[in-house]
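**Student:** Residue numbering for the sequence shown follows my numbering, beginning at 42 and increasing consecutively. Below you will find the structure I want to go over with you.
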Amino acid sequence: IDLPADMQAELRALEAPGARVSHYELLGVPADADGAAVRRAYFERSKRLHPDAWYGKELGEFRPLLSKWFQKIAAAYQTLSDEESRAAYDQAHRADLSSSDRAALERRALTRAEEDRRERERRERLLRSKGFARLGAARKMYEDALALAANGERAQAISALKTARELDPNRKEITGKLAELEREQSKARAQSALMAAHEKEETSQWAQAVAAYAAAFQLEKSSSAAMGAARCAFANNEPQVASGWASRAVEVNPADLTARFMLARCFALLNMKARARTELAAILDKNPGDKEAKALLKSL
């Protein structure tokens, strides 16, 4: 095996039965690390565990483990580098964090609260400025917002841009950047809800997973969220609920044959054979060799 002994031990520890590694532990940062520290840690860890770094090497049982944990590191970074998804992760996994990380979260919350208080006072002072000073203040707030956004602090950046817009409502770059960040925020919240739903599904918490997928769908009308809700409802022996979500998935993406097959299975269980045949016919029209669709159609 060409993999160093310390990396072999690390991967075995990660795979140990009952091992639970938080995103912070996986990246090797404390829970109060700022965006820059999270970014640095990710680049260091991902470079070390990237499968391409070991191309052509004899890795044996460790090759699939490298790929698996590299993907998990990437997922951890995606979560912690975004303000909204990080807050959702902290709330959902607080009990799973180490005592030192829980203490770090408390410190971070206190620090953030004090920073927010000072920033509010500063912005209130700026809003009282007049004339050219007001335009200069708007420019400074816009520059501050760009720096905050670059450091992954999108909510603070949005707040700064709203103040800048109030100071200078005619400056188009302020309005444009604000709209861009608000779109990103909405998308990030949907992605965070989707990740939470995946976690529930992986642990067979079907009812909670359906609720989480539903929340993700409300934030962003995606077929993946609707299909996730359909899968979990079906697994929870709720074909009526599953058919509703599968229908939404098909509405969002009519070309999704997996969603149509789920819909057909639900209709079959609900004894709605004509509607099941319609969905199966649509699948076979696009993919005549679909064995599962053929078998279900034959059973009807």
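For each residue, glycine too, the CB sits at the ideal point set by N, CA and C.
Taking the alpha-carbon positions, what's the residue 158 to residue 165 distance?
**Tutor:** For residue 158 and residue 165, the distance between alpha carbons rounds to 11 Å.
**Student:** Once you ignore the five residues that flank residue 262 on each side, which residues in its own chain have a CB closer than 7 Å to its CB?
**Tutor:** Same-chain partners within the cutoff: 293.
**Student:** Classify residue 281: buried if its beta carbon has 16 or more other beta carbons within 10 angstroms, exposed otherwise.
**Tutor:** It counts as exposed.
**Student:** Does the structure place the region 236–256 close enough to the region 269–289 that three or more beta carbon pairs sit under 8 Å?
**Tutor:** Yes, the region 269–289 is in contact with the region 236–256.
**Student:** For residue 65, is the classification buried or exposed, using 16 other Cβ atoms within 10 angstroms of its Cβ as the cut-off for buried?
**Tutor:** Residue 65 is buried by the Cβ-count criterion.
**Student:** Applying the criterion that 16 or more other CB atoms from any shown protein chain within 10 Å of the CB defines a buried residue, is residue 345 buried or exposed?
**Tutor:** Outside the shown range of the chain, which is 42 to 341, sits residue 345, and nothing can be said about it.
**Student:** Taking all protein chains shown into account, do 16 or more other C-beta atoms lie within 10 angstroms of the C-beta of residue 300, making it buried, or fewer, making it exposed?
**Tutor:** With 16 or more Cβ atoms within 10 Å of its Cβ, residue 300 is classed as buried.
**Student:** Using a Cβ-Cβ cut-off of 8 Å (strictly less than) and excluding sequence neighbours within five positions of residue 324, which residues of its own chain qualify?
**Tutor:** The residues are 298, 301, 302, 305, 331 and 334.
**Student:** On the CB-based measure, 16 or more other CB atoms within 10 Å of its CB, does residue 288 come out buried or exposed?
**Tutor:** It counts as buried.
**Student:** Can you give me the C-alpha to C-alpha distance between residue 180 and residue 172, rounded to a whole angstrom?
**Tutor:** Those two C-alpha atoms are separated by around 13 Å.
**Student:** Would you kindly work out how many angstroms separate the C-alpha atoms of residue 111 and residue 69, rounded to a whole number?
**Tutor:** Taking the straight line joining both Cα atoms gives about 14 Å.
**Student:** Considering only residues of the same chain and omitting the five flanking positions on each side of residue 27, which have a CB-CB separation below 8 Å?
**Tutor:** Residue 27 cannot be examined here, being either before or after the span of the chain that is shown, 42 to 341.
**Student:** Could you tell me which of 214, 63, 219 and 212 sits nearest to residue 114, measuring between CA atoms?
**Tutor:** Closest option to residue 114, Cα to Cα, is 63.
**Student:** Assign residue 141 to buried or exposed, taking buried as 16 or more other Cβ atoms, counted over all protein chains shown, within 10 Å of its Cβ.
**Tutor:** The residue is exposed, with fewer than 16 neighbouring Cβ atoms inside 10 Å.
**Student:** Among residues of its own chain, excluding the 5 on either side of residue 178, which ones have a beta-carbon nearer than 7 Å to its beta-carbon?
**Tutor:** If we look at residue 178 and ignore the five residues flanking it on each side, its Cβ neighbours are 167, 170 and 208.
**Student:** So, helix, strand or coil for residue 45, using DSSP?
**Tutor:** Note: residue 45 maps to coil in three-state DSSP.
**Student:** Taking the C-alpha atoms as reference points, what is the distance between residue 133 and residue 100?
**Tutor:** Approximately 36 Å between the Cα atoms of the pair.
**Student:** Give me the residue from 55, 86, 235 and 205 with the minimum Cα distance to residue 130.
**Tutor:** If we check each option's Cα against that of residue 130, 235 comes out closest.
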